[in-house]
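Colleague: After the structure tokens below, expect a handful of questions from me.
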Amino acid sequence: MPITAYKGVVVHSLALGRLEMLNPGLIGVNEHGTIEFVVDLATQSLDTVVFDKLIDYKENLLVPGFIDGHAHAPQYSFLGVGMHLPLLNWYVHDSWTHVSSQGCRLHTYTFPHESKFSDPTYAKHMYTKAVSRHVLNGTTTCSYFATIHLEACKVLADIVHDIGQRGYLGKVNMDRNATPELTETTHGSLADTKSFIEYVATKKNSLLTPVITPRFVPSTTSALMTGLAALADTYTLPIQSHLSENSKEIEWVRDLHPDCSSYAEVYDRHGLLNERAYMAHCIWCTPDERSLLKSRGASMIHCPNSNFSLTSGVLNVRQLLDEGVKVGLGTDVAAGYSTSMLDAIRHAVIASKVTSLTSPSHAPLSYAEVFHLATVGSADCLGLSDVVGNFVKGKELDMLVVDLNSANSPIDSHAHDDVSSQFQKFLFLGDDRNITDVYVRGRRVNLTAHDAAQAADSSKSIRCARTTDATSTDR
1 MPITAYKGVV
11 VHSLALGRLE
21 MLNPGLIGVN
31 EHGTIEFVVD
41 LATQSLDTVV
51 FDKLIDYKEN
61 LLVPGFIDGH
71 AHAPQYSFLG
81 VGMHLPLLNW
91 YVHDSWTHVS
101 SQGCRLHTYT
111 FPHESKFSDP
121 TYAKHMYTKA
131 VSRHVLNGTT
141 TCSYFATIHL
151 EACKVLADIV
161 HDIGQRGYLG
171 KVNMDRNATP
181 ELTETTHGSL
191 ADTKSFIEYV
201 ATKKNSLLTP
211 VITPRFVPST
221 TSALMTGLAA
231 LADTYTLPIQ
241 SHLSENSKEI
251 EWVRDLHPDC
261 SSYAEVYDRH
271 GLLNERAYMA
281 HCIWCTPDER
291 SLLKSRGASM
301 IHCPNSNFSL
311 TSGVLNVRQL
321 LDEGVKVGLG
331 TDVAAGYSTS
341 MLDAIRHAVI
351 ASKVTSLTSP
361 SHAPLSYAEV
371 FHLATVGSAD
381 CLGLSDVVGN
391 FVKGKELDML
401 VVDLNSANSP
411 IDSHAHDDVS
421 SQFQKFLFLG
431 DDRNITDVYV
441 RGRRVNLTAH
451 DAAQAADSSK
461 SIRCARTTDA
471 TSTDR
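Take 1 as the starting number for the sequence shown in UniProt numbering and just add one per residue.
Structural data, given as structure tokens:
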């Protein structure tokens, strides 16, 4: 089986807080995109390694692709807009928590924009831009919320398939507490979800995974949640939703389900909390809820940009890690205003410092620990720990090539910078201009042709395979 070897400065996480840096390193990949070997060329001569083709990225960094555990693909259409608004407005009447549609982000932006995805042509235009932007920012795997619209969900699957990203794709389910045009019948929601699952299967692409996606408890009836759990079990699918994002939301859930002791228990009673489930936010989970998630094997996706932007709260990730809860990282577009996981990493570092101020026993997260969450951690949450996240033999090559000296780079390199300094500069100063190549399962993603065909109305060429000084040699 022919082997392609990639040479460069290899940086990846082997465990929480434990980075391996090989300068230079060599990653051998077979024709199926599976890693056959990782060699430290500082201790082993290149001449002793068997391979068929060498791609030499010289002094560029080779790092694992980022894994975004939570993003709303349709909300890319208003990314960066309405950041002054809260997610929801709340008021209490007769001891009952109510939601006001006035002056809140959900009703001013989210629902009106998601309603537009009833038009598959519009969906194709917007999803092409959204997925392209995620990949340009180095996201090789993304867990997407779509909308309730079956045909638009199929379009998202088509685009992720065509571009070559690894996609977890969720048809959103809502049969209550939404605008009329976004409120499904329970039967219709379940039927469309089943149809979407079957459609993804027709793509015959193991990079695509349908995800059971109740928007959150207030938008899904007990009958719908029970039906979705049955679909998840029948097809052995992952489950994603929101949990305990803000305190008023928790009160609303308590009013809707007074028989349950907590928000997490509602999911658990309906069969939606298991080892395949990952929940966004979880800021206000009680000790009992955290214990429940751990016992069920469920995961939490930390979305710090969103949490700050909506003033939802600050998740104490150190506490969760100390308790043994699985944690990944997400952008939560568009409550989070960036598609970049570098932005998520930076906000996660800041969030951990904020929590350490009020909880000194919980030390801030290091850059190495947060990078782990953005790669290995998210992979574990999505059930991909044996597939991607780092460069371990037997895993698939999802990789970014990082050039600190690329055209218009925001980073200044100095002669005294060692590999650790270079890597930290990428995490805290870098952006998409530094990501010159993106690989998914050993294949370089090139968005140029797809963008030209699918988004010809845009004057800006979106591409991932950019000009680099890499050299290719056949043996």
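Just so you know, even glycine gets a beta-carbon here, dropped at the ideal spot from N, CA and C.
With the cut-off set at 9 Å, would you say Asp437 and Tyr57 are in Cβ contact?
Modeller: By 1-based counting over the sequence shown, the position of residue 437 is 437. By 1-based counting over the sequence shown, the position of residue 57 is 57. Yes, Cβ-Cβ distance for Asp437 and Tyr57 is below 9 Å.
Colleague: Note down the Cα distance separating Ser378 from Thr358, rounded to an integer number of angstroms.
Modeller: As a position in the sequence shown, residue 378 is number 378, starting the count at 1. As a position in the sequence shown, residue 358 is number 358, starting the count at 1. About 26 Å.
Colleague: Assuming Gln75 and Ala334 make a contact with CB atoms under 8 Å, what is their CB distance in whole Å?
Modeller: The count along the sequence shown starts at 1 and reaches residue 75 at position 75. The count along the sequence shown starts at 1 and reaches residue 334 at position 334. Between Ala334 and Gln75 the Cβ distance is about 4 Å, and since that is below 8 Å, they are a contact.
Colleague: Would DSSP call Ala280 helix, strand or coil?
Modeller: Stepping through the sequence shown from its first residue, residue 280 is reached at position 280. Note: Ala280 maps to strand in three-state DSSP.
Colleague: List the whole-angstrom C-beta distance separating Gly330 from Ile283, where the pair is believed to meet the contact cut-off of C-beta under 8 Å.
Modeller: The residue given as residue 330 occupies position 330 in the sequence shown. The residue given as residue 283 occupies position 283 in the sequence shown. Rounded, the Cβ-Cβ distance is 13 Å, inconsistent with contact.
Colleague: Put Asn137 into one of helix, strand or coil per three-state DSSP.
Modeller: For the purposes of this step, residue 137 is identified with residue 137 of the sequence shown, where counting begins at 1. Asn137 falls in the coil class under three-state DSSP.
Colleague: For His347, report the span of its beta strand (DSSP E) as first-last.
Modeller: Position 347 of the sequence shown, counted from the first residue, corresponds to residue 347. Taken as a continuous stretch (DSSP letters only), His347 belongs to no beta strand (DSSP E), being part of the alpha helix (DSSP H) at 341 to 358.
Colleague: DSSP three-state call for Val29: helix, strand or coil?
Modeller: Translated into the one-based positions of the sequence shown, residue 29 becomes position 29. It is a strand residue.
Colleague: Between Met174 and His32, what straight-line distance do the alpha-carbon atoms span, to the nearest angstrom?
Modeller: Here the question's residue 174 lines up with position 174 in the sequence shown. Here the question's residue 32 lines up with position 32 in the sequence shown. Each residue's Cα considered, the two are about 39 Å apart.
Colleague: Compute the distance between the beta-carbons of Val160 and Pro120, then report whether it is under 9 Å.
Modeller: Residue mapping note: residue 160 aligns to position 160 of the sequence shown, counting from 1. Residue mapping note: residue 120 aligns to position 120 of the sequence shown, counting from 1. No, these two residues do not count as a Cβ contact at 9 Å.
Colleague: Provide the residue(s) that pair with Asn173 in DSSP beta bridges, ordered along the chain.
Modeller: Your numbering for residue 173 matches position 173 in the sequence shown. According to DSSP, which records beta bridges pairwise, Asn173 is partnered with Pro214.
Colleague: Pairing CB atoms from the region 417 to 434 with CB atoms from the region 38 to 53, are three or more of them under 8 Å?
Modeller: In short, these stretches do not touch, since the Cβ pair count stays below three.
Colleague: In the DSSP assignment, find the beta strand (DSSP E) that holds residue 483 and state where it starts and stops.
Modeller: No answer is possible for residue 483: the residues shown for the chain start at 1 and end at 475.
Colleague: Given this structure, state the Cα-to-Cα distance separating Thr375 from Leu315, to the nearest angstrom.
Modeller: The residue labelled residue 375 in the question sits at position 375 within the sequence shown. The residue labelled residue 315 in the question sits at position 315 within the sequence shown. Each residue's alpha carbon lies about 19 Å from the other.
Colleague: Can you tell me where the alpha helix (DSSP H) holding Pro287 begins and where it ends?
Modeller: As a working note, residue 287 is residue 287 in the sequence shown. Here the alpha helix (DSSP H) through Pro287 covers 287 to 296.
Colleague: Does DSSP put Ala112 in a helix, in a strand, or in coil?
Modeller: For the purposes of this step, residue 112 is taken as the residue at position 112 of the sequence shown. Looking at the sequence itself, residue 112 is Pro, so the reference to Ala does not match. Note: Pro112 maps to helix in three-state DSSP.
Colleague: How should Gly8 be labelled, buried or exposed, when 16 other C-beta atoms within 10 angstroms of its C-beta is the threshold for buried?
Modeller: Mapped onto the sequence shown, residue 8 falls at position 8. Under this definition Gly8 is a buried residue.
Colleague: Nearest CA to the CA of Lys194: which residue from Ser340, Gly167, Cys153?
Modeller: The sequence position of residue 194 within the sequence shown is 194, counting from 1. When only C-alpha atoms are compared, the closest one is Cys153.
Colleague: Can you give, in chain order, each stretch of the beta strand (DSSP E) that sits fully within the region 395 to 427 and has at least 3 residues?
Modeller: Here the runs fully enclosed are 399 to 402.
Colleague: With DSSP run on the structure shown, which of helix, strand or coil describes Val39?
Modeller: Sequence index remark: in the sequence shown, residue 39 carries index 39 (1-based). The answer is strand: DSSP assigns Val39 an E or B state.
Colleague: Residues in its own chain within less than 6 Å of Leu273 by CB, not counting five upstream and five downstream?
Modeller: Counted from its first residue, the sequence shown places residue 273 at position 273. The answer, listed in chain order, is Tyr267, Arg296, Ala298.
Colleague: On the premise that Arg269 lies in contact with Ile239, defined as a C-beta separation below 8 Å, what is that separation, rounded to the nearest angstrom?
Modeller: Counted from its first residue, the sequence shown places residue 239 at position 239. Counted from its first residue, the sequence shown places residue 269 at position 269. Contact flag wrong, Cβ pair sits at about 14 Å.
Colleague: Taking C-beta to C-beta, are Thr140 and Pro64 nearer than 9 Å?
Modeller: Mapped onto the sequence shown, residue 140 falls at position 140. Mapped onto the sequence shown, residue 64 falls at position 64. Their beta carbons are under 9 Å apart, which means Thr140 touches Pro64 by this criterion.
Colleague: Whole angstroms is fine: what's the gap from Ile462's alpha carbon to Arg133's?
Modeller: To locate residue 462, count along the sequence shown from 1; it is residue 462. To locate residue 133, count along the sequence shown from 1; it is residue 133. At Ile462, the pLDDT of 42 sits below 50, so the modelled position is not reliable; the number obtained from the coordinates is stated separately. Between Ile462 and Arg133, the C-alpha separation is close to 8 Å.
Colleague: Can you tell me whether Arg444 is helix, strand or coil according to DSSP?
Modeller: Locating residue 444 in the sequence shown gives position 444, where the first residue counts as 1. Of the three classes helix, strand and coil, the one that applies to Arg444 here is strand, per DSSP.
Colleague: Counting only the same chain and skipping the five closest in sequence on each side, list residues whose C-beta sits under 7 Å from that of Ala146.
Modeller: What you label residue 146 is simply residue 146 of the sequence shown in a count that begins at 1. Once the five neighbours on either side are set aside, the close Cβ partners of Ala146 are Ala73, Pro74, Ala152, Cys153, Leu156, Leu169, Gly170, Lys171, Val172.
Colleague: I'd like the span of the alpha helix (DSSP H) that includes Leu321, first residue to last.
Modeller: Numbered from its first residue, the sequence shown carries residue 321 at position 321. Run containing Leu321: 317 to 323, per the alpha helix (DSSP H) assignment.
Colleague: Considering only C-alpha positions, which residue in the set Phe216, Asn60, Ser262 is nearest to Thr471?
Modeller: Your numbering for residue 471 matches position 471 in the sequence shown. Nearest of Phe216, Asn60, Ser262 to Thr471, Cα basis: Asn60.
Colleague: Determine, using beta carbons only, whether Leu62 and Val10 come nearer to each other than 9 Å.
Modeller: As a working note, residue 62 is residue 62 in the sequence shown. As a working note, residue 10 is residue 10 in the sequence shown. Contact: yes.
Colleague: For Gln75, which residues does DSSP report across the bridge?
Modeller: Counting from one through the sequence shown, the residue named residue 75 turns up at place 75. None; Gln75 has no bridge partner.
Colleague: Determine, using beta carbons only, whether Gly328 and Ile67 come nearer to each other than 9 Å.
Modeller: Within the sequence shown, the letter at position 328 stands for residue 328. Within the sequence shown, the letter at position 67 stands for residue 67. Cβ atoms of Gly328 and Ile67: closer than 9 Å.
Colleague: If we call anything under 9 Å between Cβ atoms a contact, is Leu382 one with Ser143?
Modeller: Position 382 of the sequence shown, counted from the first residue, corresponds to residue 382. Position 143 of the sequence shown, counted from the first residue, corresponds to residue 143. Result yes, Cβ atoms of Leu382 and Ser143 sit closer than 9 Å.
Colleague: Give the C-beta separation of Thr34 and Glu396 to the nearest angstrom, bearing in mind that I take them to be a contact with Cβ-Cβ under 8 Å.
Modeller: Here residue 34 is taken as the residue at index 34 of the sequence shown, counted from 1. Here residue 396 is taken as the residue at index 396 of the sequence shown, counted from 1. Indeed they touch by this definition, with Cβ atoms about 6 Å apart.
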